[in-house]
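Residue numbers (this note's numbering), protein chains in the order written: chain A, 593 to 1092; chain B, 19 to 121. Ideal Cβ placement from N, Cα and C applies to all residues, glycine included. The structure displayed is predicted, hence computed values, not measured ones. For reference, the structure discussed in these notes is given below.
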């Protein structure tokens, strides 16, 4: 079935002559004795005769009904049911385009039937006076505008501000219906007029924070303020919240977090430092970080991101430090920039640093410090020189990498030729058998900071690699360009020496 | 029906007029006697479809005033309901019907 609205109410709703639990024969019951309207859904009444025999009850809890449909249905029934019209009406329109309707004269929906209302908000007025003045309750309708998978359970809180401490202390409530949000939230209640279950609070001036988080999906969050709603009342508002597939997270949650987690995640923990951790080695100045993701097993940036994803789902303390921090109520720990890099979050002067990343993995993260400054790492292309079987089999074979065109007299094939240093400031030269890994000589290069041979940092440079044997392998020379690439692949493979 | 303190001592007419013609409107007048319980009470008068642009309700009155509920269901307008105390004089009551904008 589908949502029951003003277009289909006439063919989907039927007034019941009996209340729920007493053999109802329709899906709407006007309980005039108790000033209630019952929405009798298919889970309570499987079939209903709408005039042509029993059919499945079109009123379904998950799909629900709009207040506009209920208003129109009451109008239609009062027009023909002279018994019903002897009682004051229950629903009144306010502004249909915002889904704004009211329950007047003390009439209310029965119990949990309020959660079946869609695309609407409403005010419930007590019977006192004209029946449209004394407010018992106010329900604001929340409607998500971005897809949410039907297994995800979004949740919300009404807060005075969105400071992290406030959100940690807030009461968060799950929406009753999983999936796309289309449900009312009570924002005001008063028992002064006799509605004992209304509660006594007025949050109409608060901020609604609406979230959805689920594994392998990018989280969604927005607020009423961001949605242009400055004050709540009995209307429905659209919220730009939803979730999108996180294609980078392909892991099993049980592997990433919990008692059965496996490497490298079993070596990860999140800690709020009492004294911020000062981290150096960035392109920029040192950064101070209050939050530290301890990555003791050398997980990749993406594996760390998956761990942070898992933390946001935990309705428990996720801080291994002395404090307490609830993951479910807490922040989103990172975002991704246009290049797909992980950008850690800094909220309330508390930034996050991910430690334990390999030089190559540091290129996949931007660490945001306590001041909100984004810290990046020098770029270290990994140069991989394939040397061939002859050189590998020659115990005397050697290699050396030099700059082809250095400044002044620093050119290759001159006495001033400069040997390239790797990112650890070690000359790239040595014995092939001693240093080759998998048939390759591999070294990281400080692309953004190396100024050897009088050449500027951060620019492409032409280099020369020599691989020569002594007894088994011959000689080879290869020119290549060191670029700002993750991997720079070179082949310099001398043939077998048949003349030695 | 709510009993009068004494036998009727007179009669009067309440004329309902509105900001729109009442022709075609369903009009009911209830006694507010709470019969059945919680309801607007016994129906004293009414029409399924008002013939003229106005509606006259002729009633007898006693010593004490009587409260009634006026109900007007006019096509194109919100249902109108108002509590009203009948007087001993012929009276014209002008009501404002709100255009129905929320169906």
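Residue from the options with nearest C-alpha to residue i
i	options	result
residue 34/B	114/B, 121/B and 120/B	114/B
residue 652/A	993/A, 637/A and 900/A	637/A
residue 646/A	617/A, 660/A and 657/A	617/A
residue 641/A	620/A, 630/A, 658/A and 1012/A	620/A
residue 882/A	770/A, 961/A, 899/A and 784/A	961/A
residue 44/B	102/B, 120/B and 96/B	96/B
residue 665/A	1014/A, 607/A, 655/A and 987/A	607/A
residue 1026/A	986/A, 1070/A, 925/A and 933/A	986/A
residue 951/A	1010/A, 1016/A and 930/A	1016/A
residue 878/A	964/A, 765/A, 785/A and 904/A	964/A
residue 1051/A	697/A, 1069/A, 889/A and 1077/A	1077/A
residue 712/A	662/A, 670/A and 746/A	662/A
residue 933/A	896/A, 862/A and 940/A	896/A
residue 795/A	848/A, 731/A and 708/A	731/A
residue 706/A	756/A, 775/A, 1091/A and 762/A	775/A
residue 738/A	773/A, 848/A, 994/A and 1069/A	773/A
residue 1088/A	1074/A, 1067/A and 1073/A	1067/A
residue 698/A	681/A, 949/A and 854/A	681/A
residue 798/A	949/A, 812/A, 820/A and 714/A	820/A
Cβ-based neighbour list, residue i, same chain, cut-off 8 Å, excluding 5 preceding and 5 following
i	result
residue 599/A	none
residue 976/A	1032, 1033, 1034, 1079, 1080, 1081 and 1082
residue 573/A	Outside the shown range of chain A, which is 593 to 1092, sits residue 573/A, and nothing can be said about it.
residue 623/A	611, 629, 630 and 702
residue 104/B	30, 32, 77, 79, 83, 84, 85 and 86
Through-space distance from residue j to residue i, alpha-carbon basis
i	j	result
residue 22/B	residue 77/B	Residue placement at residue 22/B is flagged as unreliable, the pLDDT there being 48, under the threshold of 50; the coordinate-derived value follows with that caveat. If I take the Cα positions, the gap works out to 12 Å.
residue 1045/A	residue 869/A	36 Å
residue 37/B	residue 70/B	14 Å
residue 693/A	residue 684/A	6 Å
residue 907/A	residue 679/A	48 Å
residue 1003/A	residue 942/A	49 Å
residue 109/B	residue 736/A	54 Å
residue 648/A	residue 741/A	26 Å
residue 50/B	residue 42/B	25 Å
residue 1064/A	residue 910/A	59 Å
residue 75/B	residue 625/A	29 Å
residue 751/A	residue 690/A	23 Å
residue 955/A	residue 974/A	12 Å
residue 1037/A	residue 1018/A	10 Å
residue 871/A	residue 656/A	54 Å
residue 891/A	residue 929/A	20 Å
residue 1039/A	residue 969/A	11 Å
residue 922/A	residue 674/A	55 Å
residue 1084/A	residue 1061/A	12 Å
residue 733/A	residue 748/A	12 Å
residue 64/B	residue 53/B	17 Å
residue 790/A	residue 728/A	6 Å
residue 786/A	residue 88/B	26 Å
residue 837/A	residue 823/A	32 Å
Spatial neighbours of residue i in its chain, beta-carbon cut-off 7 Å, leaving aside the 5 residues before and after
i	result
residue 814/A	802, 831, 832 and 833
residue 1028/A	979 and 984
residue 1043/A	1049
residue 635/A	653
Proximal residues to residue i (C-beta, below 6 Å), its chain only, five neighbours per side dropped
i	result
residue 840/A	894
residue 1024/A	979, 983, 989 and 991
residue 959/A	936, 945 and 967
residue 843/A	898
residue 927/A	935
residue 724/A	696 and 717
residue 91/B	44 and 97
Beta-bridge partners of residue i, as assigned by DSSP
i	result
residue 794/A	780/A
residue 747/A	766/A and 803/A
residue 46/B	64/B and 89/B
residue 1036/A	974/A
residue 622/A	629/A
residue 657/A	596/A and 709/A
residue 928/A	934/A
residue 120/B	Beta-bridge pairing links residue 120/B to no other residue.
residue 960/A	944/A and 966/A
residue 1067/A	1060/A
Cβ distance (whole Å) where residue i is taken to contact residue j below 8 Å
i	j	result
residue 1041/A	residue 997/A	Rounded, the Cβ-Cβ distance is 20 Å, inconsistent with contact.
residue 866/A	residue 914/A	7 Å
residue 1086/A	residue 1059/A	5 Å
residue 947/A	residue 886/A	6 Å
residue 117/B	residue 99/B	No, residue 117/B and residue 99/B are not in contact; Cβ-Cβ is about 16 Å, not under 8 Å.
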